[in-house]
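Residue numbers (this note's numbering): 19 to 318.
Have a look at the structure below, then the notes.
Structure representation (structure tokens):
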């Protein structure tokens, strides 16, 4: 009620506007998710159903909020990067965090049956969220590099740990003791010598996590250009990723996705992982203006 004597209570709301010209990063993380995974029969050390469900929920978030230029997921967490020039919700941190987190959680539940079939939810999952601002491109890249390095460290340990437990009958305590004090090379040697497993041949989605990027794709049969969110399973720590996708940091228009077979030699096609269903390696992109997309729609 406007002009009410109670309206003064609005003065207690704190201003939480994010600083301008900063990358806004929202990271969500499963709360007590190990218990959730155990109760719902997640496969150890990685459950592709769970990873795909997380990516599906993240795609729902990115479909709703077009100012998210990149999503990155691993295990039970997902990061969303908002363009540094976004003015969504007037850059209010609480609004951004609460809407992203609630949409992600509801999408996770909504799509559960599509990935876990007859396994019914025993109770609703819970996710926490935080907002962090990164003022420079280097800060943002270092953050994403930190999260991807975390994937490697955790997955290598978990692969070795669960190999000992599931294949050699170790107890959890025995497996922890066996791996205590080991470094990456020790774990790689253990996996290869005792289980015949070359860790580098493990699926890239387990070793590198899932990167979600919005690209323009030609949609059959008319060949219209439409924005599509594509998954990539590749390295973000080096420079090559950012050179392949300059529109992210450059705040440029969306890039057109081209299957590598269209214009890349075979040697290049083999270099890095690509989205599911694409057999020939990483995509090739080129910038295109929004006017070009509109013209394509009109012409068709």
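Glycine is no exception: its CB is placed at the ideal position from the N, C-alpha and C atoms.
Using a Cβ distance threshold of 8 angstroms, residue 176 and residue 63 count as a contacting pair.
By the Cβ rule, the segment 125-140 does not count as touching the segment 109-117, because fewer than three pairs are nearer than 8 angstroms. Within the segment 123-176, the beta strand (DSSP E) runs of at least 3 residues that lie entirely inside it are, in chain order, 145-152.
Excluding residues up to 5 positions away in sequence, 133, 134 lie with their Cβ nearer than 7 angstroms to the Cβ of residue 67 in the same chain. A check of alpha carbon separations from residue 159 across 43, 21, 75 identifies 43 as the nearest. With a cutoff of 8 angstroms on beta-carbon distance, residue 146 and residue 49 are scored as near each other.
A contact is defined here as three or more CB-CB pairs under 8 angstroms, and the segment 231-248 fails this definition with respect to the segment 208-215.
By the C-beta density criterion, residue 82 is exposed, having fewer than 16 other C-beta atoms within 10 angstroms.
In this structure, residue 71 and residue 228 do not form a Cβ contact; the two beta carbons are roughly 11 angstroms apart against a cut-off of 8 angstroms.
When the beta-carbon positions are compared, residue 261 and residue 166 stay at least 8 angstroms from each other. If the five residues before and after residue 259 are omitted, its C-beta is found closer than 7 angstroms to the C-beta atoms of 252, 253, all from its own chain and listed in chain order. In its chain, beyond the 5 residues on either side, 71, 139 have a beta carbon closer than 8 angstroms to the beta carbon of residue 130.
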